[in-house]
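Engineer: In this note's numbering, the protein residues as written are 15 to 393.
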């Protein structure tokens, strides 16, 4: 019998404790484990970098909600990304990346892995011909964000998976913006899903973490080997907090989407707003693809204002309920200026974002309060 998403999020990997019956997995705050004779491990646990029962519970739950065979929890999303790249790529290999990617991902490629000899090309992933033209015999990965950060572009996961596999490459999908509740990349043909679990999975702005979920056991085992060898793992308390957040992901995402749709309506009608970027809009160039591969369109909204960069900065400074801050996906609403904040590392690059752009992470507060705050901030 197959279980639904919310059931998996609450129960997968989280059987009641056999000793006490506790329904919540304990925080195993231990670095090492007693062995019953040399090599006599209890449950396979020997050292908490290699495995920890709290982290195992999270990893099993993440694999279940993404429909993968193996999940791995990391200290941050970038730790997960770095482990993935160093597992499947070597110097002189090539990766196709989005021309609108998270600034930290771009920095990882341009400032860290490029020095190591990994080549990359930023490409508009909504243009399959452009992706095909960018691929070479050395292309090992197509790296996808959909929706992208911060311009909310959409890429066709199934079509890109076919293109990758025809060229003996893997398809990696950063599913952070959509969350596993709204989008299932592995079911569409992706090989690996990446998350910053700091965002919607954790959902409460109180923990930093990352994850990889693999569709294939062999690749999953290889990634897990490097996770242990490189060591950027999630600690037990971080894993426990993330697992607690995952349990309510479904109900939170429904409210995020409800509120975002109301915010979009307000922005569309406001004379100071020159463009609204949201995949739920019929006029969004990726709308049809998003409707095909997403359950709903998410809680992230970006928009552009008249008056240029300074006015965008001023709008960010004038909000009272929307908190000016980086990150996203928490229960509270956030506002930021990508060009000067999350995407400052992309300035002067092909991934530079418009100066008049504002990005919202729409929270789960009373929506009328959010609308009133945006109205006064826009003036």
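We put the beta carbon where it would ideally sit given N, CA and C, even for glycine.
#1: Alpha carbons only, please: which of 181, 113 and 231 is nearest the one belonging to residue 362?
#2: Secondary structure at residue 193, three-state DSSP: helix, strand or coil?
#3: Name the two residues that bound the continuous alpha helix (DSSP H) containing residue 232.
#4: Three-state secondary structure (DSSP) at residue 361?
#5: Are the CB atoms of residue 192 and residue 229 nearer to each other than 8 Å?
#6: Could you give the uninterrupted runs of the beta strand (DSSP E) lying entirely in the region 39 to 93, keeping only those of 3 residues or more?
#7: Straight-line CA distance for residue 187 to residue 51?
#8: Could you pull out every unbroken beta strand (DSSP E) segment of at least 3 residues lying fully inside the region 202 to 227, listed in chain order?
#9: Count the other CB atoms within 10 Å of the CB of residue 116; is the residue buried (16 or more) or exposed (fewer)?
#10: DSSP on residue 308, reduced to helix/strand/coil?
#11: Could you name the residues of the same chain whose beta carbon sits closer than 6 Å to that of residue 332, not counting the 5 residues immediately before and after it, in chain order?
#12: When burial is assigned at 16 or more other CB atoms within 10 Å of the CB, is residue 110 buried or exposed?
#13: Can residue 343 and residue 168 be called in contact, C-beta distance under 8 Å?
#14: Using 8 Å as the Cβ pair cut-off and three pairs as the minimum, do the region 74 to 89 and the region 222 to 239 touch?
#15: For the region 242 to 259 and the region 366 to 381, state whether three or more C-beta atom pairs, one from each stretch, are separated by less than 8 Å.
#16: Taking all protein chains shown into account, decide if residue 289 is buried (16 or more other Cβ within 10 angstroms of its Cβ) or exposed.
#17: Would the region 117 to 135 and the region 63 to 81 be scored as touching if the rule is three or more Cβ pairs under 8 Å?
#18: Once you ignore the five residues that flank residue 231 on each side, which residues in its own chain have a CB closer than 8 Å to its CB?
#19: Report the start-end ranges of each alpha helix (DSSP H) in the region 311 to 379 that is 4 residues or longer and not cut off at the edges.
#20: Residue 29 lies in the alpha helix (DSSP H); which residues open and close that run?
#21: Give the range of the alpha helix (DSSP H) segment to which residue 171 is assigned.
#22: I want to know whether the region 269 to 281 touches the region 169 to 189 - three or more CB-CB distances under 8 Å.
#23: Excluding the five sequence neighbours on either side, which residues of its own chain have a C-beta within less than 6 Å of the C-beta of residue 245, listed in chain order?
#24: In whole angstroms, give me the CA-to-CA distance for residue 150 and residue 108.
#25: Residue 95 by DSSP, collapsed to three states: which one?
#26: My assumption, with CB atoms under 8 Å, is that residue 102 sits in contact with residue 152. Please give the rounded CB distance.
#27: Return the chain-ordered list of same chain residues with a C-beta closer than 6 Å to the C-beta of residue 353, the five sequence neighbours on each side being excluded.
#28: Could you name the residues that DSSP lists as bridge partners for residue 153?
#29: Spell out whether any CB of chain B is found under 8 Å from the CB atom of residue 134.
#30: So, at 6 Å on beta carbons, what are the nonlocal neighbours of residue 359 in its own chain, with the 5 sequence-adjacent residues on each side left out?
#31: Between the C-alpha atoms of residue 351 and residue 98, what's the straight-line distance to the nearest angstrom?
#32: Rounded to whole angstroms, what's the CA-CA distance from residue 32 to residue 23? Just pull it up for me.
#33: In the DSSP assignment, find the unbroken alpha helix (DSSP H) run with residue 390 in it and report its ends.
#34: Roughly how many angstroms lie between the CA atoms of residue 468 and residue 349, to the nearest whole one?
#35: Near residue 337, what residues of its chain come up, given a Cβ to Cβ distance below 8 Å and the 5 sequence neighbours on each side ignored?
Structural biologist: Taking the coordinates as given:
#1: 113
#2: helix
#3: 231 to 244
#4: coil
#5: no
#6: 84 to 88
#7: Residue 187 and residue 51 have their C-alpha atoms some 43 Å from each other.
#8: 206 to 209
#9: buried
#10: strand
#11: 391
#12: buried
#13: no
#14: As far as the Cβ criterion goes, the region 74 to 89 touches the region 222 to 239, which means the pair count is three or higher.
#15: no
#16: Burial is judged here by how many other beta carbons sit within 10 angstroms of a residue's own beta carbon; residue 289 has fewer than 16 and is exposed.
#17: no
#18: 83 and 84
#19: Given a length threshold of 4 residues, each whole run of the alpha helix (DSSP H) inside the region 311 to 379 is given here in chain order: 322 to 332.
#20: Neither: residue 29 is in no alpha helix (DSSP H) and is coded neither H nor E.
#21: Taken as a continuous stretch (DSSP letters only), the alpha helix (DSSP H) holding residue 171 covers 171 to 180.
#22: They do not touch, by the three-pair rule.
#23: 63
#24: 8 Å
#25: helix
#26: About 13 Å; that fails the 8 Å criterion.
#27: 367 and 369
#28: 108
#29: Going by chain labels, chain B is absent from the structure shown, which holds only one protein chain.
#30: The residues are 117 and 121.
#31: In a straight line, the C-alpha of residue 351 is about 29 Å away from that of residue 98.
#32: 20 Å
#33: 381 to 392
#34: No answer is possible for residue 468: the residues shown for the chain start at 15 and end at 393.
#35: The answer, listed in chain order, is 346, 347, 348 and 349.
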